[in-house]
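A.B. asks:
2 protein chains.
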Amino acid sequence: MKIFPVIMAGGSGTRFWPLSRRARPKQFLALAGDQPLLAATVRRLPPLARAADTYVVCGPAHAVAAKKLLKELPARNFIVEPCARNTAPCVGLAALHVAARQKQGLVAMLPSDHHIARPEAFREAIAGAARLAALGHIVTIGIRPHAPETGYGYLKVGAKLPGKAKGRNHAHKVERFVEKPDVVTAARYLADGHYLWNSGIFVFRADVILDEIRRAMPVLGEQLDAIQQSLGTPGYKKTLARVFPDCPSISIDYGVMEKSQKIVVVPADFGWSDVGSFAALPEVRQTDHLGNVAEGDALVIDGHDNVVIATRTRPVAVVGLDGVVVIDAGDAILVCRKDRAQDVRKAVDELARRGRDEVL
Amino acid sequence: MKIFPVIMAGGSGTRFWPLSRRARPKQFLALAGDQPLLAATVRRLPPLARAADTYVVCGPAHAVAAKKLLKELPARNFIVEPCARNTAPCVGLAALHVAARQKQGLVAMLPSDHHIARPEAFREAIAGAARLAALGHIVTIGIRPHAPETGYGYLKVGAKLPGKAKGRNHAHKVERFVEKPDVVTAARYLADGHYLWNSGIFVFRADVILDEIRRAMPVLGEQLDAIQQSLGTPGYKKTLARVFPDCPSISIDYGVMEKSQKIVVVPADFGWSDVGSFAALPEVRQTDHLGNVAEGDALVIDGHDNVVIATRTRPVAVVGLDGVVVIDAGDAILVCRKDRAQDVRKAVDELARRGRDEVL
Numbered sequence: 008m009k010i011f012p013v014i015m016a017g018g019s020g021t022r023f024w025p026l027s028r029r030a031r032p033k034q035f036l037a038l039a040g041d042q043p044l045l046a047a048t049v050r051r052l053p054p055l056a057r058a059a060d061t062y063v064v065c066g067p068a069h070a071v072a073a074k075k076l077l078k079e080l081p082a083r084n085f086i087v088e089p090c091a092r093n094t095a096p097c098v099g100l101a102a103l104h105v106a107a108r109q110k111q112g113l114v115a116m117l118p119s120d121h122h123i124a125r126p127e128a129f130r131e132a133i134a135g136a137a138r139l140a141a142l143g144h145i146v147t148i149g150i151r152p153h154a155p156e157t158g159y160g161y162l163k164v165g166a167k168l169p170g171k172a173k174g175r176n177h178a179h180k181v182e183r184f185v186e187k188p189d190v191v192t193a194a195r196y197l198a199d200g201h202y203l204w205n206s207g208i209f210v211f212r213a214d215v216i217l218d219e220i221r222r223a224m225p226v227l228g229e230q231l232d233a234i235q236q237s238l239g240t241p242g243y244k245k246t247l248a249r250v251f252p253d254c255p256s257i258s259i260d261y262g263v264m265e266k267s268q269k270i271v272v273v274p275a276d277f278g279w280s281d282v283g284s285f286a287a288l289p290e291v292r293q294t295d296h297l298g299n300v301a302e303g304d305a306l307v308i309d310g311h312d313n314v315v316i317a318t319r320t321r322p323v324a325v326v327g328l329d330g331v332v333v334i335d336a337g338d339a340i341l342v343c344r345k346d347r348a349q350d351v352r353k354a355v356d357e358l359a360r361r362g363r364d365e366v367l
Numbered sequence: 008m009k010i011f012p013v014i015m016a017g018g019s020g021t022r023f024w025p026l027s028r029r030a031r032p033k034q035f036l037a038l039a040g041d042q043p044l045l046a047a048t049v050r051r052l053p054p055l056a057r058a059a060d061t062y063v064v065c066g067p068a069h070a071v072a073a074k075k076l077l078k079e080l081p082a083r084n085f086i087v088e089p090c091a092r093n094t095a096p097c098v099g100l101a102a103l104h105v106a107a108r109q110k111q112g113l114v115a116m117l118p119s120d121h122h123i124a125r126p127e128a129f130r131e132a133i134a135g136a137a138r139l140a141a142l143g144h145i146v147t148i149g150i151r152p153h154a155p156e157t158g159y160g161y162l163k164v165g166a167k168l169p170g171k172a173k174g175r176n177h178a179h180k181v182e183r184f185v186e187k188p189d190v191v192t193a194a195r196y197l198a199d200g201h202y203l204w205n206s207g208i209f210v211f212r213a214d215v216i217l218d219e220i221r222r223a224m225p226v227l228g229e230q231l232d233a234i235q236q237s238l239g240t241p242g243y244k245k246t247l248a249r250v251f252p253d254c255p256s257i258s259i260d261y262g263v264m265e266k267s268q269k270i271v272v273v274p275a276d277f278g279w280s281d282v283g284s285f286a287a288l289p290e291v292r293q294t295d296h297l298g299n300v301a302e303g304d305a306l307v308i309d310g311h312d313n314v315v316i317a318t319r320t321r322p323v324a325v326v327g328l329d330g331v332v333v334i335d336a337g338d339a340i341l342v343c344r345k346d347r348a349q350d351v352r353k354a355v356d357e358l359a360r361r362g363r364d365e366v367l
């Protein structure tokens, strides 16, 4: 069964500043392991999928860097969005490219900036999802929660799909999508047992998703039709540049999935983390016996549960503090309370206001 | 009345690392105001004393830097100790130099690394102390406390000296010297009204202090006699190098002052701070309305009572933290809880253990 992975690498967050920059967003950082998250995302795919069938969607600012990082992929497999329009247009555009190769091609949409600790379990889950997708389902991967996470969206699982039971990973209808909950609600979800983390990973047939987009978002459907007609012709790039910026900037979850009757969920457990902020690094990097991440020329004295990332040559000494993030990116330094790691953007906003583009 | 100020610049602390280094100790840092503390100490003296009469005592490692910093002083006024032996030998050696110029010369011993907000009040206090010292007293300056400081030694004032009352600054006997107290004791001292901060500033006649040293520390007295005989001869340097390292390493407070019957205290209030650690910087530097010291390319977001010192060009963003010290010294970075600022030495010790001499 041929699978076409499509890796969404258009993100441009600020939560990893000063490691991340406009020119080097999160997916280009080696936050977990020793290679950039984007490269790890591509390299955990074989033998599930071939490089020749693997696509990367990104913005024009990062296309050169992505191609340089991922030399194993054919240049034509980099789909460059003229501008960021959230995930619904991104998924539609990717589906057009796959459909041009194989009308009912099986697409696995994958975020480029997550960490997966157990790649083999991941590939098994995708393969299982692909078998369901071949039948016409839109399959999302739900992660079994092990903590009352407030940083993730949740899926409430509904009735089992009819058919042969396949152990714990049997597919279910999705009863509903749930936004990031508060901690009390998250604890309730964890105890309830019917809620899964929304991994943002979807598997579907190209023709099925394009039909669902046309049904749920008719304007986007027409825009995609216009692009489809130019695909493979010299006019493609011009058409894309004309049509794409007008597409509605909506997520595929909100625009299509939450309204679709075809959506099903497969529970899985492959050591997934979305690496949402510096506060998540202890989940995906080595810690000392006091829970400190201390990398490069870092020195933690009388402190626990800190995240300290230094350069290789400049010592960063942290004394008498717990639960802080200290990042020396060479040309900019961040010190932040770990439970305020999402507020790093405020520093970025302030530096932008001051016109400090050289460090953004 | 001629006064010979002697500035003790032999200190080599670690509490201002990474701003301070072995080659650039605290007194060479512009911690308060825009010139190094040592330079400010010298330059607040006129018209109380002339540059030609002002001495600096320092170690061999810092003599070149001190001379370069203080071009207004004659080269012969730099007294170089072969090695650090605390303040008793330092005071004795300086008294020898002054006595060689004027047997009953009035010496004002001044720490080189304190801040004084009101120099005119300071000069008045020293002039008043010198008038008492001329009569044979050893005069210490006691600072009226305005907070229950645990970082300072205290003096308990005793009976008033007989003679004309001169307002609040009338001299008293010193009932006793008190080590740094705990916070409860410090609060009691503050409420009591009879305790003053020990500024470490002493004024005395050269002949009087030498007699008192001979009485209280006879071994040191003999060592000073040996040095005195060589003073002004070609053999001075050799004699000093031979004798001085054997001198007892004891503070003048402990070795002489606490045992002397001649000691008196003059209360004063001239905006004194010993700038004991990074935690003291808000007393001596500009703060924003939330109590933050933010210098250089520093950015404090949602935080109060922080001390953030950045370079001019590298942004340091502090987010969601209160009461922390963040220092970017260019080649080393410190992040420390402000109430643990004295533990900066632990970082220095650990870097020394790792052989990181290039940043020490």
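Protein sequence lines correspond, in order, to chains A and B.
Residue numbering for the first sequence follows the numbering used here, starting at 8 and increasing by one per position.
Residue numbering for the second sequence follows the numbering used here, starting at 8 and increasing by one per position.
Glycine included, every Cβ here is placed at the ideal spot set by N, Cα and C.
Model, not experiment: these values are computed from the prediction.
(1) Thinking just about the alpha-carbon of each residue, which of B:Gly-18, B:Ile-10 and B:Leu-26 is nearest to the one in Ala-339 (chain B)?
(2) Start and end of the beta strand (DSSP E) containing Ala-124 (chain A)?
(3) Are the CB atoms of Lys-9 (chain A) and Leu-113 (chain A) within a distance shorter than 8 Å?
(4) Quick check: what's the CA-CA separation for Lys-110 (chain A) versus Ile-216 (chain A)?
(5) I think Ala-166 (chain B) touches His-177 (chain B), with their Cβ atoms under 8 Å apart; what is that distance to the nearest whole Å?
(6) Beta-carbon separation of Lys-353 (chain A) and Val-326 (chain B) under 8 Å?
(7) Which residues in the same chain have their Cβ closer than 7 Å to the Cβ of Thr-48 (chain B), if we skip the five residues on either side of it in sequence?
(8) Looking only at DSSP bridge pairs, what is Trp-204 (chain B) linked to?
(9) Using 8 Å for Cβ pairs, my map puts Val-315 (chain B) next to Gly-149 (chain B). What's the rounded Cβ distance?
(10) What residues from the region 237 to 267 of chain B come within 7 Å of chain A, judged by C-beta to C-beta, listed N to C?
(11) Measure the alpha-carbon distance for Pro-96 (chain B) versus Gly-362 (chain A) and round it to whole angstroms.
(12) Find the nearest neighbour of Trp-204 (chain A) within the set A:Asp-281, A:Leu-231 and A:Gly-228, judged by alpha-carbon distance.
(13) Take every Cβ of the region 55 to 69 of chain B, pair it with every Cβ of the region 80 to 93 of chain B, and state whether three or more of those distances are shorter than 8 Å.
(14) Judging by CA-CA distance, which residue of A:Arg-347, A:His-296 and A:Arg-212 is the nearest neighbour of Arg-138 (chain A)?
(15) Please report the Cβ distance between His-311 (chain A) and Asp-329 (chain A), rounded to the nearest whole angstrom; I am assuming they are in contact, meaning their Cβ atoms lie under 8 Å.
(16) How is Asp-335 (chain A) classed by DSSP in three states: helix, strand or coil?
(17) Any beta carbon from chain A within less than 8 Å of Leu-288 (chain B)'s own beta carbon?
(18) Are there three or more Cβ pairs, one per stretch, closer than 8 Å when the region 121 to 129 of chain A is compared with the region 185 to 195 of chain A?
(19) DSSP three-state label for Leu-38 (chain B), please.
(20) Within the continuous alpha helix (DSSP H) that includes Pro-96 (chain A), where are the two ends?
(21) Is it true that the CB of Leu-197 (chain A) sits closer than 8 Å to the CB of Pro-152 (chain A)?
(22) Can you tell me the Cα-Cα spacing of Val-307 (chain B) and Arg-321 (chain A), whole angstroms?
(23) Would you mind working out which of A:Glu-265, A:Val-63 and A:Asp-232 sits nearest Phe-11 (chain A), comparing C-alpha positions?
(24) How about Arg-51 (chain A): is its C-beta nearer than 8 Å to some C-beta of chain B?
(25) Counting contacts by CB-CB distance shorter than 8 Å, is Ile-340 (chain A) in contact with chain B?
(26) Give every residue of the same chain whose Cβ lies closer than 6 Å to the Cβ of Asn-93 (chain B), excluding the five residues on either side of it in the sequence, and list them in chain order.
(27) For a quick check, are the C-beta atoms of Val-181 (chain B) and Thr-147 (chain B) less than 8 Å apart?
(28) Looking at the secondary structure, which residues open and close the beta strand (DSSP E) in which Ala-301 (chain B) lies?
(29) Could you spell out the range, first to last residue, of the alpha helix (DSSP H) harbouring Arg-360 (chain B)?
(30) Nearest CA to the CA of Gln-34 (chain A): which residue from A:Gly-18, A:Gly-40 and A:Val-185?
C.D. replies: Let me lay it out:
(1) Measuring from the Cα of Ala-339 (chain B), the nearest candidate turns out to be B:Leu-26.
(2) Segment: none, Ala-124 (chain A) is in no beta strand (DSSP E) and carries neither H nor E.
(3) Cβ atoms of Leu-113 (chain A) and Lys-9 (chain A): closer than 8 Å.
(4) Counting only the Cα atoms, Ile-216 (chain A) lies some 11 Å from Lys-110 (chain A).
(5) The pair is not a contact, with the Cβ atoms about 11 Å apart (cut-off 8 Å).
(6) Taking 8 Å as the cut-off, the beta carbon of Lys-353 (chain A) is found closer than this to the beta carbon of Val-326 (chain B).
(7) Correct list, in chain order: Ile-14, Leu-117 and Ser-119.
(8) Answer by DSSP bridge pairing, in chain order: B:Ile-150 and B:Tyr-161.
(9) Wrong, their Cβ atoms sit about 34 Å apart, outside the cutoff.
(10) Cβ contacts with chain A: none found.
(11) Approximately 56 Å, taken between the alpha carbons.
(12) Closest by alpha carbon: A:Asp-281.
(13) Enough Cβ pairs lie closer than 8 Å, so yes.
(14) Cα-wise, what sits closest to Arg-138 (chain A) is A:Arg-212.
(15) Contact between His-311 (chain A) and Asp-329 (chain A) holds: their C-beta atoms lie close to 5 Å from each other, under 8 Å.
(16) DSSP places Asp-335 (chain A) in strand when its eight states are reduced to three.
(17) It does not: the Cβ of Leu-288 (chain B) has no partner Cβ on chain A nearer than 8 Å.
(18) Segment contact: the region 121 to 129 of chain A against the region 185 to 195 of chain A, fewer than three CB-CB distances shorter than 8 Å; contact not assigned.
(19) In the structure shown, Leu-38 (chain B) adopts coil according to DSSP, grouped into three states.
(20) For Pro-96 (chain A), the uninterrupted alpha helix (DSSP H) segment begins and ends at 94 to 108.
(21) In this structure, Pro-152 (chain A) sits near Leu-197 (chain A), with a CB-CB distance shorter than 8 Å.
(22) When rounded, the distance between both Cα atoms is 22 Å.
(23) Across the set A:Glu-265, A:Val-63 and A:Asp-232, the C-alpha of A:Val-63 shows the shortest separation from the C-alpha of Phe-11 (chain A).
(24) Not closer than 8 Å to any Cβ of chain B, the Cβ of Arg-51 (chain A) fails to qualify, so no.
(25) Interface residue, yes.
(26) Hits under 6 Å: Ser-256, Ile-257 and Ser-258.
(27) Contact: yes.
(28) Secondary structure note for Ala-301 (chain B): its beta strand (DSSP E) is the uninterrupted segment 300 to 302.
(29) Following the DSSP letters along the chain, one finds Arg-360 (chain B) inside the alpha helix (DSSP H) bounded by residues 351 to 360.
(30) Check the Cα spacing between Gln-34 (chain A) and each of A:Gly-18, A:Gly-40 and A:Val-185: the tightest is with A:Gly-18.
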